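Plus 212 on top of the position in the sequence shown (first one is 1) and you've got this note's numbering.
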Amino acid sequence: MRIQLDRFQQKRLFLLIVAAIYIALVIWLDFLQAPAVWDEKHFWESSLAFSDRLIPTIDDLRNYGELSTPLPFILFGALEHLFHQGLFAGRLLNLLLSLTITFIIGWPTPDKRGRAFFCFVGLSLCPYYYWYGVLMYTDIIACFFGLMGVMSYIRNRHLLSCAAFILAIASRQYMIAFPAAISTYEFTLAIAQFIRSRRFRLIEQWRWLAPLIATLSLLGWFYLFQGLAPEAAVDTRNVPDVQKTTWAFTPGYAINFLAFIGFYIVIPEFLLFKPSSVLHSLKRQRRKIALIAVALLLCLVISPPALIGLGTVLKIVNLLPYDPLKLALFYGLAMLACIRFSQLNLMSLFVFFNSLIMMKAYPWDKYILPLVIMFWYLKSIGLEEKFSFKGVVQPGLRQGNTLSQGEILQKLI
Numbered sequence: 213m214r215i216q217l218d219r220f221q222q223k224r225l226f227l228l229i230v231a232a233i234y235i236a237l238v239i240w241l242d243f244l245q246a247p248a249v250w251d252e253k254h255f256w257e258s259s260l261a262f263s264d265r266l267i268p269t270i271d272d273l274r275n276y277g278e279l280s281t282p283l284p285f286i287l288f289g290a291l292e293h294l295f296h297q298g299l300f301a302g303r304l305l306n307l308l309l310s311l312t313i314t315f316i317i318g319w320p321t322p323d324k325r326g327r328a329f330f331c332f333v334g335l336s337l338c339p340y341y342y343w344y345g346v347l348m349y350t351d352i353i354a355c356f357f358g359l360m361g362v363m364s365y366i367r368n369r370h371l372l373s374c375a376a377f378i379l380a381i382a383s384r385q386y387m388i389a390f391p392a393a394i395s396t397y398e399f400t401l402a403i404a405q406f407i408r409s410r411r412f413r414l415i416e417q418w419r420w421l422a423p424l425i426a427t428l429s430l431l432g433w434f435y436l437f438q439g440l441a442p443e444a445a446v447d448t449r450n451v452p453d454v455q456k457t458t459w460a461f462t463p464g465y466a467i468n469f470l471a472f473i474g475f476y477i478v479i480p481e482f483l484l485f486k487p488s489s490v491l492h493s494l495k496r497q498r499r500k501i502a503l504i505a506v507a508l509l510l511c512l513v514i515s516p517p518a519l520i521g522l523g524t525v526l527k528i529v530n531l532l533p534y535d536p537l538k539l540a541l542f543y544g545l546a547m548l549a550c551i552r553f554s555q556l557n558l559m560s561l562f563v564f565f566n567s568l569i570m571m572k573a574y575p576w577d578k579y580i581l582p583l584v585i586m587f588w589y590l591k592s593i594g595l596e597e598k599f600s601f602k603g604v605v606q607p608g609l610r611q612g613n614t615l616s617q618g619e620i621l622q623k624l625i
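Next comes the structure, spelled out in structure tokens:
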């Protein structure tokens, strides 16, 4: 039985929990001045390479020692150039961005109808969100710009969305999944609309062109690096084998990622929202579920998930004594993700494109963080099941007195 709280009680509880979490994290890090931990050590070294000037040179951008795109290191270096506060300034930046994301998702408003607080809880169940929200890591900066891109897209601010996604990709390459998914979705709708109306107006194509431009911005970084990452980083960092060759992929890593989705998104959503309608719909989709189960099993047999890697899920899986049991757990968690996101819509495209990209990433469940943030944001505003391909009218168009999808979204938000 869910406890019912009015909006004032939700806001007060939200503020108390957020304050307790962030105060505890700040104290844990000696008020953000503790020595560098984990990857902060080499992230700080890379940031110092950008601290001599506010605007980096082409050589700076080509020769820093990290595998990810450089925007976070440029920002951290600029803070050091301006304020000389060391790790403190970079950690403070991440803390402020993390707090902003937390309030965007979790702050109760009338339109969210009580969903916000439970979405905040779901977000909080991903430990990487808070760990990297106060450390000088690159993930929160990438997630912040990615979230700005999704929010701007929903509000029909496509130029702003394009710019935000370009900045997200400039922070972490894997953020390409979100503009790529949006471009695919909108292009499909544009084709369907053209078939129906036989009209083509270039201004209406901006909905898929803008995210496509952002997606293609990654090619600019590949051209600059003359590869997937700076040569200095490839020579000095421990690069996964799958990233040493441009067209190498490991399909089994996608099963790892789907299992992470099942663990960090599907199970928390079910526990927090207990959607009885989901269980009823599953009973009507037995054939579809059986096909998914067989297809996933074939994928697992052909390219099994990795049983080595980093993260909480891998640690839990490796508590099991035998490899078949470990594979079975991965299979079960991945099945949850496949079933939950089997309805074709924008959120399922987010899952699909992220899973594709993870075929070139080391199995580490921290890479789930951007998808966790996007899911709980869409869930908090009630749009995680929207943007369907079924019966959708191209946003920005009218049919009689029917509101366009864009106008509907504006009213929802």
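In this text, a Cβ means the ideal position worked out from N, Cα and C, and glycines have one as well. Just so you know, these numbers come straight off a predicted model, no measurement behind them.
Residue i vs residue j beta-carbon contact at 8 Å
i      : j      : result
His293 : Arg265 : yes
Leu508 : Tyr543 : yes
Ala389 : Ile585 : no
Leu531 : Tyr340 : no
Trp420 : Ala402 : yes
Tyr579 : Ile317 : no
Glu252 : Leu347 : yes
Ile381 : Ala426 : yes
Gly691 : Ile352 : Residue numbering for the chain in the displayed model covers 213 to 625; residue 691 lies beyond these limits and cannot be assessed.
Leu307 : Phe356 : no
Sequence-distant residues of the same chain with beta carbon closer than 6 Å to residue i, five excluded per side
i      : result
Gly289 : Ser259, Phe262 and Ser263
Leu519 : Lys538
Pro575 : Tyr465, Asn468, Ala518 and Gly521
Ala441 : Leu279
Phe183 : As displayed, the chain neither begins before 213 nor continues past 625, which places residue 183 out of reach and without an answer.
Asn566 : Ala389 and Leu583
Phe601 : Leu556
Contacting residues, own chain, Cβ-Cβ under 7 Å from residue i (five flanking each side not counted)
i      : result
Thr396 : Leu561
Pro320 : Arg219, Gln222, Lys223, Phe226, Ala328 and Phe329
Ile229 : none
Cys511 : Pro463 and Ile467
Local conformation of residue i per DSSP, three classes
i      : result
Leu532 : coil
Trp250 : coil
Ser515 : coil
Asn566 : helix
Ser373 : helix
Leu522 : strand
Trp418 : helix
Ser280 : coil
Asn557 : strand
Ser600 : strand
Trp576 : strand
Asp272 : helix
Ile233 : helix
Phe220 : helix
Ile593 : coil
Tyr344 : helix
Leu424 : helix
Minimum C-alpha distance to residue i - residue among the options
i      : options                           : result
Asp535 : Leu545, Phe226 and Pro516         : Pro516
Pro282 : Ala231, Arg303, Gly361 and Leu379 : Leu379
Ala232 : Leu287, Asn450, Arg303 and Tyr342 : Tyr342
Ile267 : Asp453, Lys527 and Leu291         : Leu291
Ala549 : Tyr476, Lys486 and Trp588         : Tyr476
Ser364 : Ala422, Leu414 and Phe587         : Ala422
Leu484 : Asp271, Thr314, Gly326 and Pro322 : Gly326
Asp271 : Ala246, Ser567, Phe437 and Trp240 : Phe437
Leu304 : Leu371, Ile415 and Ala246         : Ala246
Leu302 : Leu287, Thr314 and Phe315         : The sequence shown places Gly at residue 302, rather than the Leu named in the question. Of the listed residues, the one whose Cα sits closest to Gly302 is Leu287.
Leu299 : Glu597, Ile313 and Leu241         : Leu241
Whole-angstrom distance between residue j and residue i, CA atom to CA atom
i      : j      : result
Leu430 : Gln455 : 15 Å
Phe399 : Tyr435 : 26 Å
Phe386 : Thr524 : Looking at the sequence itself, residue 386 is Tyr, so the reference to Phe does not match. Those two C-alpha atoms are separated by around 20 Å.
Arg410 : Gly432 : 35 Å
Ala248 : Lys495 : 51 Å
Ala376 : Pro391 : 10 Å
Leu470 : Val478 : 10 Å
Trp250 : Arg498 : 46 Å
Leu424 : Leu217 : 43 Å
Val235 : Lys572 : The sequence given here has Ile at residue 235, not Val. Rounded to the nearest angstrom, the two C-alpha atoms are 37 Å apart.
Lys591 : Leu244 : 32 Å
Leu273 : Ala540 : 44 Å
Leu335 : Ala505 : 28 Å
Ala393 : Val446 : 28 Å
Val362 : Pro533 : 42 Å
Thr457 : Leu545 : 29 Å
Phe412 : Thr269 : 42 Å
Any C-beta of chain B under 8 Å from that of residue i
i      : result
Gly594 : No chain B appears in the structure shown, which is made up of a single protein chain.
8 Å CB neighbourhood of residue i in its chain, flanking five on each side removed
i      : result
Glu619 : Unreliable placement is indicated for Glu619, whose pLDDT of 44 sits below 50; no coordinate value is reported for it.
Phe285 : Phe255, Ser258, Ser259, Ala261, Phe262, Tyr276, Glu278 and Thr350
Phe461 : Val454, Met571 and Lys572
Leu428 : none
Met211 : Here the chain comprises residues numbered 213 to 625, so residue 211 is not present and cannot be evaluated.
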